[in-house]
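The structure under discussion appears below in the form of structure tokens.
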Amino acid sequence: MLASGVGSMPGGAVGEEAQNARAYAEATRVVLGELDLPHVPELPGRGAVAGLVGRTMGLITELGADLQPAGWRLTDASGVDQRRARSLLAQDLDTVEEQAQQVEGWFKTQLCGPWTLAASVERPRGDRVLADVGARRDLAQALAVAVADHVADLRRRVPGAAGLLVQVDEPALPAVLAAQVPTASGFGRHRTVHPPEASEALEWVLSAVSDAGATPVVHCCAADVPVDLLTGAGAVGISVDVGVLAPQAYEGVAGVLESGGWAMLGVVPSLDPPSWDDRAGVAALERFLDMLGLAPSEHTVVTPACGLAGASGTWARTALASCATAAHADDRT
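Put into structure tokens, the structure is as follows:
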């Protein structure tokens, strides 16, 4: 087994460039030092341009966007905030490149998935991209192009990595499928997106990852993760929060494990707990695998339950170390 993080880390402050550079360098050192499947850190505490949606919009070059009071909105041309997001990500990747030259195993990066983007980003005239079939198609296809470019960039920056995982974050997907995403007024809900259409957009993005020579996995920390839809769209692995996962998703996770796919299992708290013993993480992992009646494989990965952006710096380091302890518990027996 391996140990990894979901992506986000604590640290940073809006507008504090020197402080943020130090915070990002430290987060990168922690990730590289504690994990045998390290990842590109995300520090959303630096503001909207550094959050999941902002970083991904910075990667997209085929569509313009800018930051409005209500959030990110598509525009005719790239706005100053989209350019800031692009520049900040480039600076972050420079830091990763500098520190990750000794990486020889797997390496991971994260970006926002097409349906969470569609549920988060506004159309030029308002309301979510989710409300417009054509706009959400354009956004998903632009994301697929951006993913391929991002993979090529990372392969150049971390040349020693044995392989590259691309984690597509889809926290909003269950709400999109269940028609639970609110409209701009807040009084209604966007219509449901049916599974075939949801699968098609995911397939564009996941295929772009595979075609670029990387391995696509999808993260969703909701209870009702649609595992079969994700694997049917091309995901070679899934990342879930074991503590909230609904029983109806167990069979899908078991199928991923049985097929040798990547199963990233969140068993360590994302926020500072009142108290913690590493044995709790080991026990949670063992209980889940015993319940499925399966043994871990080389592609089973232990992670925190979700991102660590809301944790203290001390707990973030402890949580990642605890994931490593759980992943390698059997090595000591």
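UniProt numbering puts the first residue of the sequence shown at 1, with every later residue one more than the last.
A virtual CB, placed ideally from N, CA and C, is assigned to each residue, including glycine.
All of these numbers come straight from a predicted model, not from anything done at the bench.
- [ ] Compute the distance between the beta-carbons of V176 and V193, then report whether it is under 8 Å.
- [x] yes
Task: Cβ-based burial, R332 [other Cβ within 10 Å; buried from 16] - done: Note that R332 scores a pLDDT of 44, beneath 50, so its modelled location is shaky and nothing firm can be said.
Task: Strand pairing of Q110, partner residues [DSSP] - done: Q167
Task: Reduced DSSP secondary structure (H/G/I, E/B, other) of D66 - done: strand
- [ ] Return the Cβ separation of A235 and P216 in integer angstroms, given the expectation that the two are a contact with Cβ distance under 8 Å.
- [x] 6 Å
Task: Exposure label - Q102; buried when at least 16 CB within 10 Å - done: exposed
Open item on the list: Output needed for A27: all residues of its chain with C-beta closer than 7 Å, excluding positions within five of it in sequence on either side, in chain order.
Closed with: M9, G11, P41, L43
Open item on the list: Please give the ranges of any alpha helix (DSSP H) in the segment 223-291, keeping only runs that are unbroken, at least 4 residues long and fully inside the region.
Closed with: 227-232, 250-258
TODO: Would you check if the distance between the CB atom of L164 and the CB atom of A214 is smaller than 8 Å?
DONE: yes
- [ ] State the DSSP-derived secondary structure class of P182, mapped to helix, strand or coil.
- [x] strand
- [ ] Would you mind stating whether G237 and V268 have Cβ atoms separated by less than 8 Å?
- [x] no
Task: Sequence ranges, alpha helix (DSSP H) only - wholly within the segment 68-97, length at least 4 - done: none
Task: Strand pairing of H39, partner residues [DSSP] - done: K108
Open item on the list: Less than 8 Å between the beta carbons of G47 and G64, yes or no?
Closed with: no
Task: Nearest to L89 (by Cα), restricted to the options P159, T109, P195 - done: T109
TODO: Would you check whether the ligand NAP has a heavy atom nearer than 7 Å to the C-beta of E286?
DONE: The ligand NAP is not part of this structure, which contains no ligands at all.
TODO: Count the other CB atoms, across all protein chains shown, that sit within 10 Å of the CB of F187; report buried if there are 16 or more and exposed otherwise.
DONE: exposed
Task: Helix, strand or coil at V218 [DSSP, three-state] - done: strand
Open item on the list: Which residues does DSSP list as the beta-bridge partners of S8?
Closed with: E42
Task: Nearest to L271 (by Cα), restricted to the options G261, G307, R191, L59 - done: G307
Open item on the list: Between the alpha carbons of C112 and W276, how many angstroms are there, rounded?
Closed with: 31 Å
TODO: Provide the residue span of the alpha helix (DSSP H) that contains P196, from first to last.
DONE: 195-211
TODO: Could you check the C-alpha separation between A249 and C221 for me, to the nearest Å?
DONE: 12 Å
Open item on the list: Just to confirm before moving on: does the CB-CB distance between P296 and C323 stay below 8 Å?
Closed with: no
Open item on the list: Taking a contact to mean a Cβ-Cβ separation below 8 Å, would you say A152 touches D211 in this structure?
Closed with: no
Task: Rounded separation between Q99 and E298 - CA only - done: 25 Å
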